[in-house]
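Engineer: Got a structure for you, written out below as structure tokens; questions coming shortly.
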Amino acid sequence: MKSSNFPLIISTWDFGMKANRVTWKILMSGGSSLDAVEKGINAVEKDPDVTSVGYGGIPNAEGYTELDAAIMSGPEHKAGAVAGLREIATPISVARKVMEKTNSILLVGEGAFEFALRNGFKRVDLLTGKARQKWLKWKRGKTAKKMDESHDTIGLLLLDSKRNIYAGCSTSGLAMKIPGRVGDSPIIGAGLYVDNEIGAAASTGFGEQTMMFCGSFLVVENMRRGMSPQRACEEVLRRMVSKGKEKWVGFIALNKEGEYAASSLKKEFPYAIYCKEEQIIQKSKIVKG
Ligand code: GLY
1135 MKSSNFPLII STWDFGMKAN RVTWKILMSG GSSLDAVEKG INAVEKDPDV TSVGYGGIPN
1195 AEGYTELDAA IMSGPEHKAG AVAGLREIAT PISVARKVME KTNSILLVGE GAFEFALRNG
1255 FKRVDLLTGK ARQKWLKWKR GKTAKKMDES HDTIGLLLLD SKRNIYAGCS TSGLAMKIPG
1315 RVGDSPIIGA GLYVDNEIGA AASTGFGEQT MMFCGSFLVV ENMRRGMSPQ RACEEVLRRM
1375 VSKGKEKWVG FIALNKEGEY AASSLKKEFP YAIYCKEEQI IQKSKIVKG
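If you want it as structure tokens, here you go:
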């Protein structure tokens, strides 16, 4: 698909539309592209009904919600990220502070938490009643479905009116994960990647698999070698399959020309597009295992 109108926003899952609307509004009122990405993702992080991102995210096996997020700015080729962050509802905003205020890229656990407090973030109990009930049910062994199948990341890509590219992603990671487990989302090149001359990609799904292939980086590199966003995503998924890795993973991607796509393994996922001409949810194309 292609949009000739910029800005163009593309994000993962149905809840991506909520993020896109906020991102669009900020852009239309003259806000910065980084603010637009951050605040768009904040809208999903703060939504207690989204149980795979931010406040209300399903906790780890010990009942603690641990959050991962990353943000990347194409024009400066800069990134910031946090992993295993507890008790802060907006990890993407902390990731942005890491990018803008430090020489580091990734802060984890206690260090990330202390950094957030020093930068004015408020301590919040992230465990909602709904998330706690799911955890308790799992702990009592009453959840039939394996909870580690729940890992719907918000990933958002923006091609702005100056044709600069930005990306962000945020997640509570695998439900009931081992405490300390970090997924693909805060790993630059795995959960997201931007090359301002080429395009951007972000992933959702089983993070360990994406990390093993530097998934988002590889999507962007495929586009550098001339592939469309669609083909670039599909080639990475095919590479996974060729090595016998068939857990569920999905990618969104866009290039500098405004072409965009989403692709996933075996099962489709919805993604949200927002530009002047259209604001719609579409389904990813499937690569068969
Ligand atoms: N893709 C999110 C995670 O695996 O944590």
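Residue numbers for the sequence shown, in our numbering: 1135 to 1423.
Don't be surprised by glycine CBs; every beta carbon is placed ideally from N, CA and C.
Keep in mind it's a predicted model, so treat the numbers as computed, not measured.
(1) How many angstroms separate the CA atom of residue 1367 from the CA atom of residue 1254?
(2) In three-state DSSP terms, what is residue 1324?
(3) Kindly examine the ligand GLY and report whether one of its heavy atoms sits closer than 7 Å to the Cβ of residue 1308.
(4) The beta strand (DSSP E) with residue 1304 in it runs from where to where?
(5) Which whole-angstrom value is the C-beta distance of residue 1398 and residue 1375, which I expect to be below 8 Å?
(6) Between 1411, 1353, 1396, 1309, which has its C-alpha nearest residue 1417's C-alpha?
(7) Could you spell out where the alpha helix (DSSP H) holding residue 1366 opens and where it closes?
(8) Go through the region 1202-1280 residue by residue and report every complete run of the beta strand (DSSP E) that reaches 3 residues or more, in order.
(9) Which whole-angstrom value describes the C-beta separation of residue 1345 and residue 1321, a residue pair presumed to lie in contact below a C-beta threshold of 8 Å?
(10) Helix or strand or just coil, what does DSSP make of residue 1139?
(11) Can you give me the start and stop residues for the alpha helix (DSSP H) that residue 1153 sits inside?
(12) Measuring CB atoms only, is the region 1176-1193 touching the region 1255-1267, in the sense that at least three cross pairs come out at less than 8 Å?
(13) Give the DSSP-derived three-state secondary structure of residue 1177 in the structure shown.
(14) Looking at the structure shown, is residue 1289 part of a helix, part of a strand, or coil, going by DSSP?
(15) Exposed or buried, which one is residue 1392 when buried takes at least 16 other CB atoms within 10 Å?
(16) Using 8 Å as the cut-off, can you tell me whether the region 1333-1352 makes contact with the region 1221-1230, which would need three or more C-beta pairs spanning the two stretches below that distance?
(17) Less than 8 Å between the beta carbons of residue 1386 and residue 1354, yes or no?
(18) Hey, how far is the Cα of residue 1304 from the Cα of residue 1171?
(19) Under 8 Å, with one C-beta from each stretch per pair, do the region 1398-1414 and the region 1144-1163 reach the 3-pair mark?
(20) Does any C-beta atom of chain B lie closer than 8 Å to the C-beta of residue 1177?
(21) If distances are taken between C-alpha atoms only, which option among 1411, 1377, 1195, 1153 comes closest to residue 1315?
(22) What residue range is occupied by the uninterrupted beta strand (DSSP E) comprising residue 1421?
(23) At a threshold of 7 Å, does residue 1304 count as lining the ligand GLY (C-beta to nearest heavy atom)?
(24) Return yes when the C-beta of residue 1287 is under 7 Å from any heavy atom of the ligand GLY, and no when it is not.
(25) Using a Cβ-Cβ cutoff of less than 6 Å, which residues in the same chain neighbour residue 1250 once the five nearest sequence positions on both sides are dropped?
(26) Could you check if residue 1162 is buried or exposed, using at least 16 other CB atoms within 10 Å of its CB as the buried criterion?
Structural biologist: This is what the structure gives:
(1) 38 Å
(2) coil
(3) yes
(4) 1299-1305
(5) Residue 1398 to residue 1375, Cβ: 12 Å. No contact.
(6) 1396
(7) 1363-1376
(8) 1212-1219, 1240-1242
(9) 6 Å
(10) coil
(11) 1150-1162
(12) yes
(13) helix
(14) strand
(15) buried
(16) no
(17) no
(18) 11 Å
(19) yes
(20) In summary, chain B is missing from the structure at hand, where a single protein chain is found.
(21) 1195
(22) 1419-1421
(23) no
(24) yes
(25) 1222, 1228
(26) exposed
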